[in-house]
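See structure below.
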Amino acid sequence: MNPLFFDRVWTVEGTIEGQSTALWRVDGAMIMRSPFAEQDIGRTTFSPELMRRVNAGAMQGTFESASRVDGEHRLVAFRRLADFPVFVITVMQTADQALKPWRHIARLAVAGWAVSLATLCALGMWLVTEWNARRAEHDRYLMLFDANSYPMAVLDRASRAVLAVNDAALREYGWSREEALRMSASDFYAPGNALEEGAVHEASGSNRVRIVTGQRHRRKNGTIMDVELRSRPIRFGNVAATLVMTQNITGQIRAEQERQVAEEELRESQERYRTLFEAAPYAALVTDRETLRVLAANDAAVTLYGRSRDELLALTAEDFYVPGDRPAMTRRRRDFSADVTTVLQGVRHRRRNGSLMSVEMAVRLIEYQHRAAALTIVTDVGGRLRTEEARKVAEEQLRQAQKMEVVGQLTGGIAHDFNNLLTVILANTDEVQEEEGLDPRVKARLEQIAKAVLRAAELTSQLLAFSRKQALTPKATDLNDLVTTTGKLLRRTLGGHIEFIVDLAADLWPVDIDRAQLETALINLCVNARDATPGGGRMFIQSRNIGYQAGVVPENPEIGARDYVRLSVTDTGTGMPRDVLAKVFEPFFTTKDVGKGSGLGLSMVYGFIKQSGGAIGIKSEVGRGTTVTLYLPRSDKTVELAAAPGTGTLLTGSERILVVEDEPQVREDVARQLRSLGYEVAEAADGAAGLAAFEAAKAPYDLLLTDIVMPGPLSGNALAEQVRRRWPGTAVAFMSGYSEGTRASTRLTKPFRKHELARYVREALDSAMN
Numbered sequence: 001m002n003p004l005f006f007d008r009v010w011t012v013e014g015t016i017e018g019q020s021t022a023l024w025r026v027d028g029a030m031i032m033r034s035p036f037a038e039q040d041i042g043r044t045t046f047s048p049e050l051m052r053r054v055n056a057g058a059m060q061g062t063f064e065s066a067s068r069v070d071g072e073h074r075l076v077a078f079r080r081l082a083d084f085p086v087f088v089i090t091v092m093q094t095a096d097q098a099l100k101p102w103r104h105i106a107r108l109a110v111a112g113w114a115v116s117l118a119t120l121c122a123l124g125m126w127l128v129t130e131w132n133a134r135r136a137e138h139d140r141y142l143m144l145f146d147a148n149s150y151p152m153a154v155l156d157r158a159s160r161a162v163l164a165v166n167d168a169a170l171r172e173y174g175w176s177r178e179e180a181l182r183m184s185a186s187d188f189y190a191p192g193n194a195l196e197e198g199a200v201h202e203a204s205g206s207n208r209v210r211i212v213t214g215q216r217h218r219r220k221n222g223t224i225m226d227v228e229l230r231s232r233p234i235r236f237g238n239v240a241a242t243l244v245m246t247q248n249i250t251g252q253i254r255a256e257q258e259r260q261v262a263e264e265e266l267r268e269s270q271e272r273y274r275t276l277f278e279a280a281p282y283a284a285l286v287t288d289r290e291t292l293r294v295l296a297a298n299d300a301a302v303t304l305y306g307r308s309r310d311e312l313l314a315l316t317a318e319d320f321y322v323p324g325d326r327p328a329m330t331r332r333r334r335d336f337s338a339d340v341t342t343v344l345q346g347v348r349h350r351r352r353n354g355s356l357m358s359v360e361m362a363v364r365l366i367e368y369q370h371r372a373a374a375l376t377i378v379t380d381v382g383g384r385l386r387t388e389e390a391r392k393v394a395e396e397q398l399r400q401a402q403k404m405e406v407v408g409q410l411t412g413g414i415a416h417d418f419n420n421l422l423t424v425i426l427a428n429t430d431e432v433q434e435e436e437g438l439d440p441r442v443k444a445r446l447e448q449i450a451k452a453v454l455r456a457a458e459l460t461s462q463l464l465a466f467s468r469k470q471a472l473t474p475k476a477t478d479l480n481d482l483v484t485t486t487g488k489l490l491r492r493t494l495g496g497h498i499e500f501i502v503d504l505a506a507d508l509w510p511v512d513i514d515r516a517q518l519e520t521a522l523i524n525l526c527v528n529a530r531d532a533t534p535g536g537g538r539m540f541i542q543s544r545n546i547g548y549q550a551g552v553v554p555e556n557p558e559i560g561a562r563d564y565v566r567l568s569v570t571d572t573g574t575g576m577p578r579d580v581l582a583k584v585f586e587p588f589f590t591t592k593d594v595g596k597g598s599g600l601g602l603s604m605v606y607g608f609i610k611q612s613g614g615a616i617g618i619k620s621e622v623g624r625g626t627t628v629t630l631y632l633p634r635s636d637k638t639v640e641l642a643a644a645p646g647t648g649t650l651l652t653g654s655e656r657i658l659v660v661e662d663e664p665q666v667r668e669d670v671a672r673q674l675r676s677l678g679y680e681v682a683e684a685a686d687g688a689a690g691l692a693a694f695e696a697a698k699a700p701y702d703l704l705l706t707d708i709v710m711p712g713p714l715s716g717n718a719l720a721e722q723v724r725r726r727w728p729g730t731a732v733a734f735m736s737g738y739s740e741g742t743r744a745s746t747r748l749t750k751p752f753r754k755h756e757l758a759r760y761v762r763e764a765l766d767s768a769m770n
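Laid out in structure tokens, this is it:
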């Protein structure tokens with residue numbers, strides 16, 4: 001701003017009558033007025049004509065208008081300050097007063113040279129007035145300069161010396177006016193900050209204002225502040241000068257730096273969380289809380305669902321569920337919270353290939369990119385659930401094994417002695433029946449006794465089958481032939497109200513099984529199916545090959561890595577609830593009325609199948625029926641034809657036989673029966689006595705017939721090994737009603753009839769000879 005610009009526009013109050021000078025803002029507010037009118041300062045008294053011209057962009061002009069201050073008709077001259085275009089200066093005078101000088105000049109002209117002296121005097125007075133006016137305007141300028149709230153200074157353009165400073169500069173920098181006026185511009189700069197160093201912007205237009213940024217000034221107390229400079233060349237009296245206004249922007253810079261630091265920290269934080277999100281080993285999805293659309297998905301989610309990221313981002317949360325699960329999930333979403341993570345279990349999600357997986361979800365409400373969203377962590381728990389299910393199965397198997405062990409200890413402890421007693425009864429019954437001239441009625445009663453003994457032996461066999469301690473004789477068996485043969489009997493047994501359907505595979509593999517025990521097991525299953533359909537129904541028996549495939553989950557978790565044959569019995573009966581189904585293999589558990597079931601049928605089947613190296617499974621649903629499935633190990637042997645039923649002719653011989661049995665009555669009865677068949681028989685009470693008998697004999701015995709379970713250091717197996725090693729020409733045969741620990745492939749199971757003893761001994765001798 002040129003400090004002398006007022007010289008051309010300002011008039012000192014009182015110099016010219018009726019004249020007023022005012023400084024206005026372009027919005028019409030009066031800043032100052034001469035003559036001074038305190039009541040008008042700050043008011044909007046801009047004349048409409050002046051407002052119109054200023055708004056139209058006029059920089060100066062004159063017009064005639066009625067004053068809004070005193071209402072008098074005045075001539076108005078105005079000028080808009082080029083350096084400070086927001087200010088307008090007006091000079092106003094009444095029309096009469098404006099024309100008065102001209103009238104005076106006219107009178108002087110008429111008067112001529114007579115009044116020239118007076119005119120010169122008037123001119124001198126006018127010059128004095130002008131000087132006073134300029135002085136007054138200079139004072140006004142200084143007042144405006146000092147009153148500015150921004151620090152301002154006037155610098156000599158050549159020497160950079162300080163010519164003037166305002167009060168704001170003195171307050172900001174801390175120097176006194178005298179000190180400041182002895183300084184140059186370079187004295188204000190902080191060490192290392194060269195004069196006007198930084199980015200300089202030349203403003204467009206004619207005002208030639210320069211904006212200098214990046215400057216650092218120092219105060220008198222040594223503190224440093226960041227400033228922005230605005231400068232413009234002016235005339236300060238007769239000196240070429242620069243008007244400089246400074247603005248302390250230290251706070252702004254600090255705020256900007258803090259903002260940049262905060263933005264950088266936010267960016268780094270977002271980058272860290274983005275990295276954590278993307279690199280997380282578990283699937284993570286971000287969904288819109290309103291539309292449920294997927295907003296973000298990490299790499300683990302891409303892998304888990306088998307979809308590309310773009311495919312996932314095109315889905316909504318609903319698309320992951322099967323239609324039947326969606327209503328429940330809609331209800332559960334109401335429980336989601338931003339304060340607590342909600343864990344959802346038992347949820348099923350669908351992969352891209354359509355397969356379902358069991359997942360566990362951890363959901364928390366968040367804000368994502370200024371949107372209300374939900375973060376969901378998805379974990380595939382199918383493997384864990386399968387592990388838990390396998391653990392439950394293993395626990396159930398252990399519980400079942402413990403139960404079987406209890407029953408096994410019970411039955412195993414008495415089976416040996418009980419079968420020995422039955423053997424004695426049956427042997428004596430056979431001997432009495434062989435007597436000549438026996439009354440037929442007595443003979444019939446003896447046969448009833450023999451049948452009762454056999455039924456008692458069957459009960460013991462069932463107990464041993466459950467505890468897996470019965471004596472089995474597994475052979476390669478044609479399962480289809482067994483089902484067909486047994487089916488003929490079953491059709492008569494089941495009754496006409498049961499439709500019996502058989503579906504047998506044509507290329508069925510042979511199985512390693514004890515045929516007699518499997519027949520009993522099949523009959524048990526079919527009788528149970530019949531009892532479950534009292535009002536009539538259908539029964540299906542089906543056989544199929546189950547080949548082993550590496551990497552494929554087997555039908556039943558208990559079958560091993562080998563081939564099996566599957567035999568299933570299905571009925572359309574009443575079915576069983578879950579609580580009953582969990583107990584069906586327990587010993588003595590039955591759903592039948594008292595006296596109609598022993599509770600050993602399914603438990604015997606269970607024990608027999610387990611002892612045979614197979615597995616058993618059962619499925620049932622109330623009102624829809626039951627299916628029991630047997631998995632029998634495939635045999636690589638040729639199927640053996642079933643032995644022909646025994647005839648009335650007893651097989652005899654004359655060979656030398658050593659009978660080793662710790663129960664005296666059984667030993668005596670067996671020896672007596674063998675002697676009646678023509679054999680030469682010797683007896684021994686235990687394994688040690690049997691070995692001594694062999695050592696004392698002049699020639700080795702032709703056959704060793706020994707019990708398996710005996711007291712003393714030599715069991716039947718140990719004795720047999722000694723005999724085979726020392727007397728290899730001697731045949732070895734076993735008899736036992738309790739086979740735990742035996743390694744014998746064939747044996748005579750106690751109790752037995754005389755014709756069974758005769759056939760077994762003859763076959764053992766003939767096999768040794770061959």
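Per our numbering, the very first residue in the sequence shown carries number 1; after that it's consecutive.
Every residue, glycine too, gets a C-beta built ideally from N, C-alpha and C.
- One Cα belongs to Leu-504, the other to Thr-477, and the distance between them is close to 15 Å.
- In this structure the stretch 357–373 lies against the stretch 290–310, because at least three pairs of beta carbons, one per stretch, are closer than 8 Å.
- In the structure shown, the three-state DSSP call for Arg-656 is strand.
- Going by DSSP, Met-51 is part of the alpha helix (DSSP H) stretching over 48–55.
- The continuous stretches of beta strand (DSSP E) do not include Glu-519, which lies in the alpha helix (DSSP H) extending over residues 515–531.
- Using a Cβ-Cβ distance cut-off of 8 Å, the stretch 682–693 and the stretch 710–723 are in contact, since at least three pairs of beta carbons, one from each stretch, lie closer than that value.
- Fully enclosed alpha helix (DSSP H) runs of no fewer than 4 residues occupy 167–173, 177–181 of the stretch 156–189, in order along the chain.
- In the DSSP annotation of this structure, the continuous segment of the alpha helix (DSSP H) that includes Asp-299 starts and ends at 299–305.
- Annotated three-state conformation of Phe-608 is helix, per DSSP.
- DSSP places Glu-64 inside the beta strand (DSSP E), whose first and last residues are 60–66.
- In this structure, Val-378 places its C-beta atom within 8 Å of the C-beta atom of Tyr-282.
- Here DSSP, grouped into helix, strand and coil, assigns Ile-234 to strand.
- Boundaries of the alpha helix (DSSP H) harbouring Glu-763: 754–769, taken from the DSSP string.
- Under the three-state reduction of DSSP, Phe-84 is assigned to coil, being neither helix nor strand.
- The continuous alpha helix (DSSP H) containing Arg-274 extends over residues 250–279.
- In this structure, the beta-carbon distance from Val-322 to Leu-356 falls below 8 Å.
- Per DSSP, Met-329 lies in no beta strand (DSSP E); the unbroken alpha helix (DSSP H) holding it starts and ends at 326–332.
- Distance from the CA atom of Ile-89 to the CA atom of Arg-52, rounded to whole angstroms, is 15 Å.
- The beta carbon of Ala-615 is closer than 6 Å to those of Asn-556, Glu-558, Ile-559, Tyr-631 in its chain, skipping five residues each way along the sequence.
- In the DSSP assignment, Asp-707 is bridged to Met-735.
- Note on Thr-330: under 16 other CB atoms within 10 angstroms of its CB, so exposed under the neighbour-count rule.
- Per the coordinates, the alpha-carbon of Arg-25 lies some 27 Å from the alpha-carbon of Thr-129.
- Secondary structure at Ala-506: coil, using DSSP grouped into helix, strand and coil.
- Here Ser-767 is exposed. Its C-beta has fewer than 16 other C-beta atoms within 10 Å.
- For Ala-374, the enclosing beta strand (DSSP E) starts and ends at 371–380.
- Membership of Glu-367 in the beta strand (DSSP E) is indicated by the continuous run 356–368.
- Rounded to whole angstroms, Arg-219 and Asn-193 show a C-alpha spacing of 14 Å.
- In the three-state DSSP reduction, Leu-315 falls in the coil class, being neither helix nor strand.
- Leu-765 is not a Cβ neighbour of Leu-719, given a cutoff of 8 Å.
- Distance between Arg-230 and Thr-246, taken at the CA atoms: about 6 Å.
- CA-CA distance, Val-162 to Met-183, rounds to 6 Å.
- At a Cβ-Cβ threshold of 8 Å, Ser-568 and Val-628 count as neighbours.
- Between Glu-683 and Arg-667, the CB-CB gap stays under 8 Å.
- Each of Leu-522, Gly-573, Asp-481, Ala-301 was checked against the Cα of Gly-536, and the nearest Cα belongs to Gly-573.
- Only residues of its own chain outside the window of five on either side were considered, and among them Thr-486 have a CB closer than 6 Å to the CB of Leu-522, listed in chain order.
- Each of Arg-326, Asp-417, Phe-84 was checked against the Cα of Val-709, and the nearest Cα belongs to Asp-417.
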